[in-house]
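Undergrad: Protein chains in written order, with numbering that gives the first Met the number 0: chain A, 0 to 334; chain B, 0 to 314.
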Amino acid sequence: MVLINVKATATARSRRPHPIRRLVVRRLGAGVITLAIVSIVVFAATQILPGNAAYAVLGHNATPARLHALELQLGLNRSAVAQYAAWIGGLLTGRMGSSLANGQPVWTLVALRLVNSAVLVALSGLFGALIGVLLGAIAALRKDSAFDHALSVAALTVTALPEFVVAISLVILFATVVVQILPAVSLLPPGTWAWQQPNLLVLPVATLVIVVVPYIFRMMRAAMIEALESDYVEMARLKGLPVWRVLLVHALPNAVPPTIQVIGLNLLYLAGGIVVVEYVFDFPGIGQGLVSAVSNRDIPVIQLIVVILAAFYVFMNILTDVVALLATPRRRIAR
Amino acid sequence: MAGLGTAIQHPAAGSGIARLRRREWLSVLSRAVRTRRGTVGVVLMAFVVAVAVVGPFVAPVSPTDFVTGPFSGPASGTPFGGDALGRDVLSRVLAGGWLLLLMAAAATLFGVVVGAAAGISAAYLRGWADALIMRTVDVVLAFPSLVFALLLVSIIGPKLWLIVLAVGFSHAPQVARVLRASTLDISERDFVKAVELQGVKPRLIMAREILPSLITPLTVETGLRLTYSIIIVAGLSFLGFGQPPPAPNWGLMINENRIGLQLNPWGVVVPAALIALLTIGTNTFSDAVARVALGVERRAEKDSPLEDHVLVAPR
C-alpha cells in the first residue's frame, strides 16, 4: 500500500517541472508585474500627475517661453501613454535623455554611481553577514553568559539608532573630534572607482555594517540555539564526535538557512539605507545622487534611480527566498 | 457572564471579547512597564518627550537670535556654545524637538490605521479585495520608506503634511501583512462564526469583533512603527527635507553644525544624543511589550526560539 503511494507520487513528480524551478518562474512573473506597476506609479507621479513636471522644475519664476521649451524637452506635449512608452523604451535601451541639472546623459550619470553603490552594498553585506553569523554563533554557544547578555543588549540598542546618528558618531570618533585617522568625507575624484581608495570606504561600510549586524546576529543566535538543542546534535555528541565536527557539520548547516533569509532582508534594507549614509559621507553613489536630484528636481534622474532601487528590492527578494530554500537540508526534497 | 449576555442581546454592539481584550491589553502594557527593559524604555522616552515639550517654554534665549560667535565653544551664557551662525545651541535644542515628535506620532497613527484597515479587510473579505490589497502592498514595499518619501517630496516639495502622509503610508504594508495573518486566524474562530450567523454586516464584524481581538499585535506593531517613523522623519530633516532653515530642528541642526565638529561638537552631539535616546527608548519599550505579549519571558520549550523575532531587518 505504502509502496504504491510512493511510486505514484514519484511518477507524478517527474512529469511536473522541478518545484524550485516552478517557484522561481512564478516569483519572477509576479516580480515583473510588480515592477511594471512600480514603473507606472513612478512615471505617473513624477511626470503626469501634478499639473506639469516642467512647472515643478522651473518653479514660480517660469516664463511661458522657458516652460514651453522644457515641455518639449521632456515630451510633455504628447499623450500620457505615448510618454510612458517612450520612457520605458528608453529605460530598457539605456537612452533616457539628459539630466535637467547638468545636461549629461542620465544613464551614464547613474551607471557610474551605481557601480560605487554596488561596491558599498556588497562590502557592507559581506562584512555584516560574516560578523553577524560569527557573533551569533559565539553567543549561542555561550548562551546566558555575560558576553551573550551584553551582545543582546547592544543589539537592541543599535537596532534603534538612525543611520545618520551612527555615521555622525563614527565621524566624531574616528575622523574629527576624538582621533583623526580616517577621512570624514568620501569624495571620490571624478573618474576614479570606489575600490581604488579603500580608506574612503571604511567609514561608510562600517556604518552600514553596524546597522545590519544586530539583525543577523539575533537570527543566527536563535537559529544556532535551536540547532544546538536539537536531537540530531545531541545524537552527534553522544556518538562521541569531536566538538568542531558537531558544530560545523551538524549544527551550522541547519542554523544558516533562516539566517540567509535575514541577511537577504538586510541587503534589501541597504537599498534604502545607502541614501542617508552616502549623503553623510558625500560618497558618489546612487543614494547621494537621489538626494541631490531631489534637491534639484532633476526628474529623469529621480525616475531612473527609484526604479533601479525598486528592481533591486524585487529581485533580491526572490533571490533570497530561492537561496534560503536551496540551503535548507530539510526542504530540498520539496512537497 | 455579563459580557456574554450582552453579546446575545445586541450582537452588533460587540461581544464580551472586546472588553476582555482591552483588559488583556492593559495588563500586557502594565506588565511590560514593570520589566527591566520596559522601565528603561519608558524612562528614556519620558526624558526626551519632557525636553521636547517643556523645552520651548524654558529656552533661555530665542532659538533664532545671534548671541555668540559661529561655532564658539561653551561659555557662561551658552552652556553648549554657539551653532554655525552663532545661535545658542541649548535654546535651539530645547525648541527643536516637539515637531519631530508630533510628525512621527501622526505618521505612525496614519500608517497603523491604514495598514490595519487594509490587512483586516484583505483577510476577512478574501477574494478580489484580498488580491488587490496584497498586490498594492507588494508595490509599496518595493520602495524603501525614505525613497518613497523623497519621491513625493521631489514632486510636491518638502511640505510637512506630505512627509507625515508619505512616512505613514510607507508603514502601511508591513502593518497590513502582520494584521492580515492574525485576522486569517481570528476569523475562523467560533465567536466570529456566531456573529456571522446572526447576519451582522462584514464591516461591523471587522470593526467590533476582529479589531478588538487584534489589539495586542496592533500595539506591538505600533511601537515598532513609531521608532521607524522617528528615524525617517529625523532623517528627512537631516537631509534638508523638513522644516526650512531658520527653524530649530534636531535633524537639521546635526546637518547645519557638522562642518564645525572640530570647533564646537555640542551642536551635533546634543541633538544626535536626544534622537538616539528617543529611538532607543521607543525600541526598548516596544521590545518589552512584544516579549510580554508573545510570552517570550516564560515560553515553553516546545515553541521555536525563532518566533521571538519581531524584527528581522531595519525599517
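Ideal placement from N, C-alpha and C gives every residue a C-beta, glycine not left out.
Only a predicted model underlies this, so the values are computations on that prediction, with no experimental measurement involved.
(1) According to DSSP, P104/A sits in a beta bridge with which residue or residues?
(2) Note down the Cα distance separating P335/A from L125/A, rounded to an integer number of angstroms.
(3) Let me make sure I understand the geometry here. Which of K192/B, P211/B, I154/B has the alpha-carbon closest to that of A44/A?
(4) Flag this pair as yes or no: are the beta carbons of E208/B and V194/B separated by less than 8 angstroms?
(5) According to the Cβ coordinates, are I229/B and L99/B closer than 8 angstroms?
(6) Classify L19/B as buried or exposed, calling it buried when 16 or more other Cβ atoms lie within 10 Å of its own Cβ.
(7) When the distance is taken between beta carbons, is G280/B closer than 8 angstroms to M102/B?
(8) Which residue comes first and which comes last in the alpha helix (DSSP H) that contains S151/A?
(9) Of the choices P243/B, R188/B, P264/B, A275/B, whose alpha-carbon is the least far from that of T63/B?
(10) Within 8 angstroms, do at least three Cβ pairs link the stretch 107-116 of chain B to the stretch 158-171 of chain B?
(11) One question on the structure: do G88/A and P299/A come within less than 8 angstroms of each other, judged by their Cβ atoms?
(12) Taking the alpha helix (DSSP H) that W265/B falls in, what are its first and last residues?
(13) When the cut-off is 8 angstroms and only beta carbons count, does N282/B lie next to chain A?
(14) How about A49/B and S90/B: do their beta carbons lie closer than 8 angstroms?
(15) Have a look at L277/B, W249/B, L183/B and flag the residue whose alpha-carbon is nearest the alpha-carbon of A117/B.
(16) If you measure from the beta carbon of G127/A to each beta carbon in chain B, is any gap under 8 angstroms?
(17) Counting only the same chain and skipping the five closest in sequence on each side, list residues whose C-beta sits under 6 angstroms from that of P274/B.
(18) Answer with yes or no whether the minimum CB distance from V146/B to chain A is below 8 angstroms.
(19) Report yes if the CB atom of A83/B is closer than 8 angstroms to the CB atom of G241/B, and no otherwise.
(20) Could you name the residues of the same chain whose beta carbon sits closer than 7 angstroms to that of A287/B, not counting the 5 residues immediately before and after it, in chain order?
(21) Compute the distance between the beta-carbons of T158/A and N282/B, then report whether it is under 8 angstroms.
(22) Out of curiosity, what's the CA-to-CA distance linking L187/A and F282/A?
(23) When DSSP labels each residue in this structure, what does R125/B get in the three-state scheme?
(24) A44/A touches chain B at which residues, Cβ-Cβ below 8 angstroms?
(25) Anyone know if the C-beta pair for A271/B and I253/B falls short of 8 angstroms?
(26) Name the chain A residues whose beta carbon is nearer than 8 angstroms to that of L131/B?
(27) Alpha carbon to alpha carbon, what distance is there between I262/A and A235/A?
(28) Please report whether the beta-carbon of A270/A lies at a distance below 8 angstroms from any beta-carbon of chain B.
(29) Hey, A292/A and I273/A: beta-carbon distance below 8 angstroms or not?
(30) So, using beta-carbon positions, are V52/B and V60/B closer together than 8 angstroms?
(31) Do L276/B and V88/B have their C-beta atoms within less than 8 angstroms of each other?
(32) Do the stretch 157-174 of chain A and the stretch 201-215 of chain A make contact, defined as three or more Cβ pairs closer than 8 angstroms?
(33) Answer with yes or no whether the minimum CB distance from L160/A to chain B is below 8 angstroms.
(34) Is the beta carbon of S116/A sitting closer than 8 angstroms to the one on G271/A?
(35) Could you check what DSSP says for G271/A in three-state terms: helix, strand or coil?
(36) Closer than 7 angstroms between beta carbons: that is the criterion. Which residues of the stretch 300-325 of chain A meet it against chain B?
TA: On the basis of the data shown:
(1) S97/A
(2) Past the boundaries of the shown model lies residue 335/A; chain A is included only from 0 to 334, so the question cannot be answered.
(3) I154/B
(4) yes
(5) yes
(6) exposed
(7) no
(8) 145-159
(9) P243/B
(10) yes
(11) no
(12) 265-293
(13) yes
(14) no
(15) L183/B
(16) no
(17) Looking at the sequence provided, one finds Ile at residue 274/B rather than Pro. Excluding residues within five positions, the ones whose Cβ falls inside 6 angstroms are A233, W249.
(18) yes
(19) no
(20) A31, T34, R36, G37, G40
(21) yes
(22) 7 angstroms
(23) coil
(24) L150, L151, I154
(25) yes
(26) Those within 8 angstroms of L131/B in chain A number zero; the least Cβ separation is about 12 angstroms.
(27) 28 angstroms
(28) yes
(29) no
(30) no
(31) no
(32) yes
(33) yes
(34) no
(35) helix
(36) I301, V305, L308, A309, Y312, V313
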